[in-house]
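K.L.:
For what it's worth, the working numbering labels the leading residue of the sequence shown as 1109, then goes sequentially.
Every residue gets a Cβ at the ideal spot worked out from N, C-alpha and C, and that includes glycine.
Computed from a prediction, not measured in an experiment: that's the story for all the values here.
Structure in structure tokens, see below.
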Amino acid sequence: MARFHLRCIECGDDFHEDPQRLVCTRCAAKQEPGGTIRGVLEVVLKTLPTSWPHFRPSDPEYLYAFLPITDEGALPPLPIGDTPLLEVPRLRLELEMPNLYVKDDTRNPSGSTKDRASLLVVAKAVEYGCDTVATASTGNAASALAAVAAAAGLRAVVLVPASVPIAKMTQMLSYGATVIPVEGTYDQAFELCIAACDRFGWYNRSTALNPFTIEGKKTAAIEIAAAMMPATPDAVLVPTGDGVISAGIAKGFRDLEGAGLIPSRPRLIAVQPEGSSAIVRALRAGADEAHAMPGAISVADSLTVEMPRNAIGCLAEVRASKGGGVEVSDEAILEAITRLAGATGVFAEPAGAAALAGLDAALEEGLVERDERVVLMITGGGLKDVEAASRAVQTPEPVEPTLDALERSL
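Right, dumping it as structure tokens:
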């Protein structure tokens, strides 16, 4: 008997697992070129644990309990997840928030939350007998797929904007991926990846299009809940681009609530840069769909999308959690990099630091209160985009190798 089936988040139609089907066949008929993905499918597990498993979150037994894996042996031999939920005393003191936490996903193997999705997608590719997995990416998903595919012995083909930060490009090349820099935007790379997978028969990992990307990212929520029990967070702030990390975390808390492992779900606060904020704008307008932002731009390259591919699902999940969304400036994001690093020791790329910038905005807008249990999702490490991070600091001038010169510089 199958452990799970797939359900359309729009019409509710159910489907059996099929590697050739990534979206709902009925709702996909409404798909517009370059538009948000119509007919996104979510995983419905037949059973979920009713008590917490006695394994580490990165153990195959733990992952098998919560994820739609048919064969534990298909899991790549690369531990992913089980990242720390940090108590951050100095940041708590600065913000007067005694119950503030940081989920440090910079400690995943490739340095970002995207590893969680790639773990499950690659495991499913192994189960299906696929030898090549492809994705479009702003950078982190490409590096994540490259890392996990390398561990599993699969070929990774990644399509990224030619403007991708050099550190991310170097990372994915080092893992042995076939890297295709695209002269265009992430959105154009996304459409090209769909066409390439259709022509060459590759398994498509692209975010939202592949239902296992959302499902894989829910493991972050499961880890947060396990670390905080018996308490649960009141709110989780999530840097948001396409909307898949936000939806995945919401799905994790929803599954846990349904299994009786937590009493209620936290509010989800989507954080987007002002220059790429289609989801937050839709939330504020009360719209069920997002409108594209042509020419979207931000220092947070990982959050820069013209049309969020999982806008429909993300909007629904944020509203169901009674959460909201905030926009933050690039200046606030850059400032948050050094604030976060200086107070917690966690060095984040701009997209990851956006969570802290978003907390300032959420406090100002009354979306969170200072005495609540609040979690910041730090989704990517600072070494992924050192050029951007360098804009947040002032490089000192060199000094002569004498004590007098050193003292003058202090």
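Buried or exposed for P1273, going by 16 or more other Cβ atoms inside 10 Å?
P.N.:
buried
K.L.:
Looking only at its chain, what residues have a beta carbon closer than 8 Å to the beta carbon of R1417, apart from the 5 residues adjacent to it on each side?
P.N.:
T1144, I1145, F1298, S1314, T1315, A1316, L1317, D1350, G1351, V1352
K.L.:
Look at the alpha carbon of E1118 and the alpha carbon of R1129, and state the distance between them as a whole number of angstroms.
P.N.:
16 Å
K.L.:
When you compare only the Cα positions, how much space is there between T1446 and G1474?
P.N.:
25 Å
K.L.:
Ordered along the chain, which non-local residues of its own chain (more than five positions away) have a Cβ less than 6 Å from that of F1455?
P.N.:
Within the same chain, F1455 has close Cβ partners A1449, G1490.
K.L.:
Which one or two residues does DSSP pair with I1405 in a beta bridge?
P.N.:
In the DSSP output, where bridge partners are listed per residue, I1405 has none listed.
K.L.:
Can you list the beta strand (DSSP E) stretches of 3 or more residues lying completely in the stretch 1391-1442, in chain order?
P.N.:
1432-1436
K.L.:
Can you give me the C-alpha to C-alpha distance between A1136 and P1176, rounded to a whole angstrom?
P.N.:
23 Å
K.L.:
Is S1220 closer than 8 Å to A1252 when the C-beta atoms are compared?
P.N.:
yes
K.L.:
Identify the continuous alpha helix (DSSP H) that holds D1468 and give its terminal residues.
P.N.:
1458-1473
K.L.:
Tell me, which residues are paired with I1377 by DSSP?
P.N.:
L1345, G1432
K.L.:
Could you name the residues of the same chain whose beta carbon sits closer than 6 Å to that of Y1209, not counting the 5 residues immediately before and after it, in chain order?
P.N.:
L1193, V1483
K.L.:
Does DSSP classify L1153 as helix, strand or coil?
P.N.:
strand
K.L.:
So P1161 packs on L1227, CB below 8 Å; how close in whole Å?
P.N.:
No, P1161 and L1227 are not in contact; Cβ-Cβ is about 17 Å, not under 8 Å.
K.L.:
In angstroms with no decimal places, state the Cα-to-Cα distance between L1467 and D1190.
P.N.:
24 Å
K.L.:
Nearest by alpha-carbon distance to K1222: which of V1152, H1399, K1492 is it?
P.N.:
K1492
K.L.:
In the structure shown, what three-state DSSP assignment does R1362 receive?
P.N.:
helix
K.L.:
Excluding sequence positions up to five away, which residues of its chain have a Cβ less than 6 Å from the Cβ of A1225?
P.N.:
T1321, G1324, K1325
K.L.:
Using the rule of at least 16 other Cβ atoms within 10 Å of the residue's Cβ for burial, across every protein chain shown, is Q1380 buried or exposed?
P.N.:
buried
K.L.:
Classify A1522 as buried or exposed, calling it buried when 16 or more other Cβ atoms lie within 10 Å of its own Cβ.
P.N.:
One cannot answer for residue 1522 here, as it falls past the ends of the chain, which runs 1109 to 1518.
K.L.:
According to DSSP, is L1114 part of a helix, a strand, or is it coil?
P.N.:
strand
K.L.:
Restricting to runs no shorter than 3 residues, where is the beta strand (DSSP E) found entirely within the stretch 1207-1237?
P.N.:
Unbroken beta strand (DSSP E) runs of no fewer than 3 residues, entirely contained in the stretch 1207-1237, are found at 1208-1212, following chain order.
K.L.:
Which value, in whole angstroms, describes the spacing of the CA atoms of I1420 and E1195?
P.N.:
33 Å
K.L.:
What does a CB cutoff of less than 7 Å around V1290 pick up in its chain, not counting 5 residues either side in sequence?
P.N.:
L1267, V1268, P1269, A1270, Q1296, A1297, L1300
K.L.:
Kindly indicate which three-state DSSP category Y1311 falls into: helix, strand or coil?
P.N.:
strand
K.L.:
Taking the Cβ atom as the reference point for each residue, do S1410 and E1457 lie within a distance shorter than 8 Å?
P.N.:
Contact: yes.
K.L.:
Have a look at R1134, D1167, E1125, T1327 and flag the residue whose alpha-carbon is nearest the alpha-carbon of K1154.
P.N.:
E1125
K.L.:
Do you know how far the Cα of E1515 is from the Cα of V1426?
P.N.:
53 Å
K.L.:
Please name the residue or residues paired with R1263 in a DSSP beta bridge.
P.N.:
The secondary-structure analysis by DSSP pairs R1263 across a beta bridge with T1240.
K.L.:
Taking A1182 as the reference, give the member of N1216, K1211, V1151, A1231 with the closest Cα.
P.N.:
Comparing Cα-Cα distances from A1182 to each of N1216, K1211, V1151, A1231, the minimum goes to A1231.
K.L.:
Could you give the distance in angstroms between the alpha-carbon of A1257 and the alpha-carbon of I1332?
P.N.:
Each residue's Cα considered, the two are about 26 Å apart.
K.L.:
Please work out which residues of its chain come closer than 6 Å, Cβ to Cβ, to A1428, disregarding the five sequence neighbours upstream and downstream, and give them in chain order.
P.N.:
Correct list: empty, nothing qualifies.
K.L.:
Beta-carbon within less than 6 Å of Q1279's beta-carbon, same chain only, minus the 5 sequence neighbours each way: which residues are those?
P.N.:
S1251
K.L.:
Contact check, T1487 vs G1460 under 8 Å by CB: the rounded distance?
P.N.:
5 Å
K.L.:
In chain order, what residues of the same chain lie with their CB nearer than 6 Å to the CB of A1400, ignoring the 5 residues before and after it?
P.N.:
So the qualifying residues of the chain are E1414, M1415.
K.L.:
Round the Cβ separation of F1112 and V1152 to the nearest angstrom and send it over; I've been treating them as touching at under 8 Å.
P.N.:
6 Å
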